[in-house]
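Undergrad: If you count by this note's numbering, then the sequence shown holds residues 11 to 308, one letter each, in order.
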Amino acid sequence: QSAKVATNFVPTKEDYQKVYNRIAEVIDDAGDYDSAVFVCRWLFGPVVLRLAWHASGTYDKATGTGGSNYATMRFQPESLHGANAGLHVARELMEKIKQEFSWISYGDLWTLAGVAAVQEMAGPKVPWRPGRIDGFESHVPPDGRLPDASQGAQHIRDIFYRMGFDDQEIVALCGAHALGRCHADRSGYDGPWTFSPTMFTNDFYKLLFDEKWVWKKWNGPKQLEDKKTKSLMMLPTDYVLTQDKSFKKYAKAYADDVDLFFKDFSAAFAKLLELGVPTQQFVASESWIMQTVDDQNS
Ligand code: CCH
Numbered sequence: 011q012s013a014k015v016a017t018n019f020v021p022t023k024e025d026y027q028k029v030y031n032r033i034a035e036v037i038d039d040a041g042d043y044d045s046a047v048f049v050c051r052w053l054f055g056p057v058v059l060r061l062a063w064h065a066s067g068t069y070d071k072a073t074g075t076g077g078s079n080y081a082t083m084r085f086q087p088e089s090l091h092g093a094n095a096g097l098h099v100a101r102e103l104m105e106k107i108k109q110e111f112s113w114i115s116y117g118d119l120w121t122l123a124g125v126a127a128v129q130e131m132a133g134p135k136v137p138w139r140p141g142r143i144d145g146f147e148s149h150v151p152p153d154g155r156l157p158d159a160s161q162g163a164q165h166i167r168d169i170f171y172r173m174g175f176d177d178q179e180i181v182a183l184c185g186a187h188a189l190g191r192c193h194a195d196r197s198g199y200d201g202p203w204t205f206s207p208t209m210f211t212n213d214f215y216k217l218l219f220d221e222k223w224v225w226k227k228w229n230g231p232k233q234l235e236d237k238k239t240k241s242l243m244m245l246p247t248d249y250v251l252t253q254d255k256s257f258k259k260y261a262k263a264y265a266d267d268v269d270l271f272f273k274d275f276s277a278a279f280a281k282l283l284e285l286g287v288p289t290q291q292f293v294a295s296e297s298w299i300m301q302t303v304d305d306q307n308s
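1) What are the partner residues of ARG191, as DSSP defines its beta bridges?
2) Among the residues of its own chain, which have a CB less than 6 Å from the CB of LYS313, if the five just before and after it don't count?
3) When burial is assigned at 16 or more other CB atoms within 10 Å of the CB, is ALA81 buried or exposed?
4) Applying the criterion that 16 or more other CB atoms from any shown protein chain within 10 Å of the CB defines a buried residue, is GLY77 buried or exposed?
5) Within the continuous beta strand (DSSP E) that includes TRP223, where are the two ends?
6) Exposed or buried, what is SER115 when buried is set at 16 or more other beta-carbons lying within 10 Å of its beta-carbon?
7) At which residues does the alpha helix (DSSP H) containing LEU251 begin and terminate?
8) Could you tell me which of ALA277, ALA132, PHE170 and ARG101 sits nearest to LEU189, measuring between CA atoms?
9) Report yes or no: do three or more beta-carbon pairs, one from the segment 57-65 and one from the segment 82-101, lie closer than 8 Å?
10) Is the separation between the beta-carbon of LEU283 and that of SER66 shorter than 7 Å?
11) Hey, which residues come within less than 6 Å of the ligand CCH, measuring from Cβ to any heavy atom, in chain order?
12) For PHE271, which option in ASN31, MET243, GLU179 and GLN253 has the closest C-alpha, if you only look at C-alpha atoms?
13) Quick one: any contact between the segment 210-220 and the segment 122-138, if contact means 3 or more CB pairs under 8 Å?
14) Report yes or no: do the segment 257-272 and the segment 217-226 share at least 3 C-beta pairs separated by less than 8 Å?
15) If we count the other Cβ atoms within 10 Å of its Cβ and call it buried at 16 or more, is THR247 buried or exposed?
16) Just to confirm before moving on: does the CB-CB distance between ALA157 and GLY198 stay below 7 Å?
17) How should ARG51 be labelled, buried or exposed, when 16 other C-beta atoms within 10 angstroms of its C-beta is the threshold for buried?
18) Can you list the beta strand (DSSP E) stretches of 3 or more residues lying completely in the segment 91-139, in chain order?
19) Which value, in whole angstroms, describes the spacing of the CA atoms of ILE33 and MET104?
20) Measure the C-alpha to C-alpha separation of ASP153 and ASN31 and round it to an integer number of angstroms.
21) Put ASP266 into one of helix, strand or coil per three-state DSSP.
22) In three-state terms, what does DSSP make of GLU235?
23) Skipping 5 residues on each side, what residues in its chain have a beta carbon closer than 8 Å to that of PRO21?
24) Rounding to the nearest angstrom, what Cα-Cα distance links GLN309 and LYS28 in this structure?
25) Excluding five sequence neighbours on each side, which residues of the same chain lie with their C-beta closer than 6 Å to the C-beta of ALA294?
26) Going straight from the alpha carbon of ALA62 to that of GLY124, what length do you get?
27) By Cβ distance, which residues of its chain are closer than 8 Å to VAL287, with the 5 residues on each side in sequence left out?
28) Here's a check: name, in chain order, each residue in its chain whose Cβ is nearer than 7 Å to the Cβ of SER297, leaving out the five neighbours to either side.
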């Protein structure tokens, strides 16, 4: 199934679709069927999406450094940066795919995996195109470029404005927290944001407004829990989206209109995945829409 590497091998959109399909399989099946008591569909979707985000979100537009181009999280010290705790799980899954499709660059593989995770978990189509190249240790960006969940609106703006995003894009991107969960042994925070953490929805915003959020009483870092069930969580930076006037306007709009959220998330996420990649490196002038597994079966 995998394309053989030949010196003159030029992968086509179909070759990338094969990689996409393999990613879709791996994030779905990675829970080992033989030993798992219970298999959760798309179990590894959220962590793979987080890898794509952390690989891209180190971009600094002032210096043109960081971003998804060189996949520098393969190297220390970036792989050990506190914000990346737990992402070895996603990198190891991707390594299996890299063995099969050795012609793809790590940056293209990781960002394509972010696209596949969003799309397979019932999210919007995200335009994507290949062109990233593997870099070196010398390209590793400094620590501290990703957001710190314990902070407030000013910090979020400082971090995301540095990448070139505005308030609307910041709020749209944070809606990815509909997916996955916090792990006490990775970030110190604990728990999921929504009741369906492997379905891409606008529930993150709905819950922010519909539930009453109180500070969790525990020995861990400051986080909020929903008063009613105490089973969901919000980070301080998530809660700020309802407290800051400008952020709140967008968060409310996304809570009320899932189509608007899907459209804006798709645009902002596609932009995120291309941060730091020189335009001339892109193979295609227009981005591609990769098909979901369901699209191909229908
Ligand atoms: Fe996030 N995120 N994120 N996040 N994130 C965490 C988990 C996920 C922040 C902090 C955290 C984005 C923005 C922010 C995902 C996607 C995105 C965790 C828990 C923390 C802490 C990690 C753990 O313990 O495993 C902060 C702060 C911000 C912004 O201010 C953006 C943007 C995206 C994507 C577009 C996803 C998905 C997860 C779940 C990972 C998992 O393993 O389940």
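Note that beta-carbon positions come from the ideal geometry of N, C-alpha and C, so glycine has one too.
TA: Once the coordinates are examined:
1) If you number the sequence shown from 1, residue 191 lands on position 181. ARG191 pairs with PRO202.
2) The structure shown does not extend to residue 313, since the chain is modelled only from 11 to 308, so the question has no answer here.
3) For the purposes of this step, residue 81 is taken as residue 71 along the sequence shown, with counting starting at 1. So ALA81 ends up on the buried side.
4) Stepping through the sequence shown from its first residue, residue 77 is reached at position 67. Classification for GLY77: buried.
5) Locating residue 223 in the sequence shown gives position 213, counting from the first residue. Residues 223-225.
6) Along the sequence shown, read from residue 1 onward, the residue named residue 115 stands at position 105. Under this definition SER115 is a buried residue.
7) Taking the first residue of the sequence shown as 1, we reach residue 251 at position 241. 246-253 is the span of the alpha helix (DSSP H), which, as asked, contains LEU251.
8) Mapped onto the sequence shown, residue 189 falls at position 179. Cα-wise, what sits closest to LEU189 is ALA132.
9) yes
10) Residue numbering aside, residue 283 sits at position 273 when the sequence shown is read from its first letter. Residue numbering aside, residue 66 sits at position 56 when the sequence shown is read from its first letter. The answer is yes: Cβ separation under 7 Å.
11) PRO56, VAL57, LEU59, ARG60, TRP63, GLY96, PRO157, ALA159, ILE166, LEU183, CYS184, ALA186, HIS187, LEU189, GLY190, ARG191, CYS192, HIS193, ARG196, SER197, TYR199, LEU245, THR247 and PHE279
12) Counted from its first residue, the sequence shown places residue 271 at position 261. Among ASN31, MET243, GLU179 and GLN253, the Cα nearest to that of PHE271 belongs to GLU179.
13) yes
14) yes
15) Residue numbering aside, residue 247 sits at position 237 when the sequence shown is read from its first letter. Buried is the call here.
16) Numbered from its first residue, the sequence shown carries residue 157 at position 147. Numbered from its first residue, the sequence shown carries residue 198 at position 188. The sequence given here places Pro at residue 157; Ala does not occur at that position. In this structure, GLY198 does not lie closer than 7 Å to PRO157 by Cβ.
17) Against the sequence shown, residue 51 aligns to sequence position 41. Flag for ARG51 reads exposed.
18) none
19) Your numbering for residue 33 matches position 23 in the sequence shown. Your numbering for residue 104 matches position 94 in the sequence shown. When rounded, the distance between both Cα atoms is 8 Å.
20) Along the sequence shown, read from residue 1 onward, the residue named residue 153 stands at position 143. Along the sequence shown, read from residue 1 onward, the residue named residue 31 stands at position 21. When rounded, the distance between both Cα atoms is 33 Å.
21) Position 256 of the sequence shown holds residue 266. ASP266: helix per DSSP, three-state reduction.
22) For this step, residue 235 is matched to residue 225 along the sequence shown. GLU235 falls in the strand class under three-state DSSP.
23) Walking along the sequence shown from the start, residue 21 turns up at place 11. Counting only Cβ-Cβ distances below 8 Å, and skipping sequence neighbours, we find ALA13, TRP113, ILE114 and PRO140.
24) Because the chain spans 11 through 308 in this model, residue 309 falls outside it and cannot be assessed.
25) For the purposes of this step, residue 294 is taken as residue 284 along the sequence shown, with counting starting at 1. Same-chain partners within the cutoff: ARG139.
26) Taking the sequence shown and counting its residues from 1, one reaches residue 62 at position 52. Taking the sequence shown and counting its residues from 1, one reaches residue 124 at position 114. Looking at the two C-alpha atoms, the distance is approximately 5 Å.
27) Position 277 of the sequence shown, counted from the first residue, corresponds to residue 287. Excluding residues within five positions, the ones whose Cβ falls inside 8 Å are GLY77, SER78, ASN79, GLY117, GLY141 and ARG142.
28) Start at 1 with the first residue of the sequence shown, and residue 297 comes out as number 287. Only PRO137, TRP138, ARG139 and ALA280 meet the Cβ criterion.
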